[in-house]
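Single-structure report; data block below.
Residue numbers (the numbering used here): 3 to 526.
Take a look at the structure:
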């Protein structure tokens, strides 16, 4: 694919941005395809091997388009940056040029930054190929820009996307169930890809039309014995989250290693479940997992595991850093326009917006209800993707917070349907930081022991028989995040107003914006 073809086919940006990026991405378009801690001793994790065989497995997950470094909200540490990640990879590969190094990615490459959204993921996948990613599992955000765009992105790179448990009733996606990797001087590796059933509920339903996600355990039971019989090391590249990874390890024999993602956890050491090590390396390129293996006593064994922080102490790959600066500058030229002022930080921290009442959630829901005249507003916490700092606010801040281009929809729900939606939100385990947790306006609800304890609208108890006028996102109105009852919204009317535009207008006309909590969501 030529650079011009790559840019034309894969992106729908405006002409000035295409011109700015053409020279930047030309080379890429034609390219072929917690603290560090040592492991706690040798552990067999693979098949029989020849004496002297050795292998280094590297992994990361949930990158979410984070090309530039970011500030970790947990400790204000500067982390990540694909140029630092690339330089770290080069250092590891240079330690022993004779020892093979395999880099695997456990899903959610796209979505979450202005550059990823504006350029529809193209710079992300091209720079992944430049780093030498050998295989990636399909994450639940890989289809956020639509199936056709995913096809374009997959065609632009040489590494495969894996998902053994995704079935298409229409035009197949460019997915393979597994890939055989044959690093020189090391046993072959069979990498089986499994993704979360949440693929169908965490992106807009139009992005998953015709797709089915089958039970990963059942699929693994079909594939693992076959892969094991070929004498390969069986690695499951999973984007399912730690709970499903544990279930897989407990119920499917023959798996040597599970490399996980999806819930952004990081483990300084592998989690052992039924003798199977499970690893996961945080999010956004802030960490890199490293497992060193050697042939001992005739079998491949883990000799060390480290979770490497990718932070400001790491050098950068100069060429890649320059490319990232050009990409960011091209985006900022579009998005660095001021829109207003926020008098407080509008936090979208996962431990807040996905667990309890949040000022940012209240602000958005109140704005939507005021705009439409609805009695109730409902928004999923997972739709808030980034915080907006106190002080001057730009288009970039807003689009980082709401990159999905979700539209406001107004319709009617019965009190019983509204109660069912609130009950679903109440039942979600806060420890999972569930994206489906509802931020609301016009309704107050209380949660006790994972159950809906009470609900009221305008100070009156919820009436199961009464219809209520509700505003929500087109994502939830299509049944997203498992809210099937919201797909039953009567007489739904698309407003033509994007959530991001709602917030932009509010900043432009009501600044400085303030937000606070008032007890509308209570955990007892």
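Every residue, glycine too, gets a C-beta built ideally from N, C-alpha and C.
Complete alpha helix (DSSP H) runs within the region 268–328 (minimum length 4 residues, chain order): none
Within 9 angstroms, strictly: CB atoms of residue 446 and residue 523: yes
Neighbourhood of residue 1 by C-beta distance below 8 angstroms, restricted to the same chain and skipping five residues each side: The structure shown does not extend to residue 1, since the chain is modelled only from 3 to 526, so the question has no answer here.
Proximal residues to residue 319 (C-beta, below 6 angstroms), its chain only, five neighbours per side dropped: Taking residue 319 as the centre and dropping the five residues before and after it, the same chain places the C-beta of 85, 88 and 89 closer than 6 angstroms to its C-beta, in chain order.
Whole-angstrom distance between residue 168 and residue 237, CA atom to CA atom: 18 angstroms
Residues bridged to residue 448 (per DSSP): 456 and 524
Status (buried if at least 16 other CB within 10 Å, exposed otherwise) for residue 178: exposed
Backbone CA spacing between residue 430 and residue 245 [nearest angstrom]: 14 angstroms
Whether residue 347 touches residue 389 by CB criterion (9 angstroms): Yes, these two residues count as a Cβ contact at 9 angstroms.
Residue 369: first and last residue of the uninterrupted alpha helix (DSSP H) it sits in: 361–374
Cβ-based burial, residue 140 [other Cβ within 10 Å; buried from 16]: So residue 140 counts as buried.
Supposed close pair residue 120, residue 336 - CB separation, criterion 8 angstroms: About 7 angstroms separates the two Cβ atoms, so the contact holds.
Beta carbon of residue 267 nearer than 9 angstroms to that of residue 256: no
Straight-line gap, residue 490 to residue 479 (C-alpha atoms, nearest Å): 8 angstroms
Contact between the region 199–209 and the region 155–164 (3+ Cβ pairs under 8 angstroms): no
Neighbourhood of residue 427 by C-beta distance below 7 angstroms, restricted to the same chain and skipping five residues each side: Excluding positions up to five away in sequence, the list reads 438, 439 and 440.
Cβ shell of residue 216 (< 7 angstroms), same chain only, five flanking positions each side left out: 167 and 169
Under the three-state DSSP convention, the category residue 499 falls into: strand
Nearest to residue 2 (by Cα), restricted to the options 117, 198, 134 and 114: Any question about residue 2 goes unanswered here, given that the chain covers just 3 to 526.
Per-residue DSSP class, three states only, for residue 36: Only weak support is given to the placement of residue 36: the predicted model assigns it a pLDDT of 33, under 50, and the value that follows is read from those uncertain coordinates. Reduced to three states, the DSSP call for residue 36 is coil.
Residues that residue 530 bridges to, as DSSP identifies them: Any answer about residue 530 is impossible in this case: the structure gives the chain only from 3 up to 526.
Option nearest residue 474 by Cα separation, candidates 451, 504, 468 and 454: Residue 474 has its Cα closest to that of 504, out of 451, 504, 468 and 454.
CB of residue 434 within 9 angstroms of CB of residue 288, strictly: Against a cut-off of 9 angstroms, the Cβ pair of residue 288 and residue 434 comes out as no contact.
Selected residue, minimal CA-CA separation from residue 59, among 373, 296 and 458: Closest by alpha carbon: 296.
Cβ-based burial, residue 32 [other Cβ within 10 Å; buried from 16]: Unreliable positioning characterises residue 32 in this predicted model, as indicated by a pLDDT of 29, which lies under 50. The coordinate reading is nonetheless provided below. The residue in question, residue 32, is exposed, as its Cβ has fewer than 16 Cβ neighbours within 10 Å.
Whole-angstrom distance between residue 444 and residue 37, CA atom to CA atom: A caution first: residue 37 carries a pLDDT of 29, below 50, which makes its placement in the model too unreliable to give a value.
Whole-angstrom distance between residue 397 and residue 362, CA atom to CA atom: 17 angstroms
Neighbour-count burial assignment, residue 519, 16 or more Cβ in a 10 Å radius: Around the C-beta of residue 519, fewer than 16 other C-beta atoms lie within 10 Å, and the residue is accordingly described as exposed.
Sheet register partners of residue 340 (DSSP bridge): Residue 340 pairs with 396.
CB contact flag (residue 314, residue 71, <9 angstroms): In this structure, residue 71 lies closer than 9 angstroms to residue 314 by Cβ.
Cα-Cα separation between residue 280 and residue 261, rounded to whole angstroms: 6 angstroms
Cutoff 7 angstroms; reference residue 103; Cβ partners in own chain excluding five residues on either side: 58, 60, 94 and 95
Nearest neighbour of residue 291, chosen from 221, 460, 263 and 300 [CA to CA]: Closest option to residue 291, Cα to Cα, is 263.
Counted within 10 angstroms of its Cβ, other Cβ atoms place residue 274 as buried (16 or more) or exposed: exposed
Exposure label - residue 511; buried when at least 16 CB within 10 Å: exposed
Residue burial classification, residue 184 (beta-carbon count within 10 angstroms, cutoff 16): exposed
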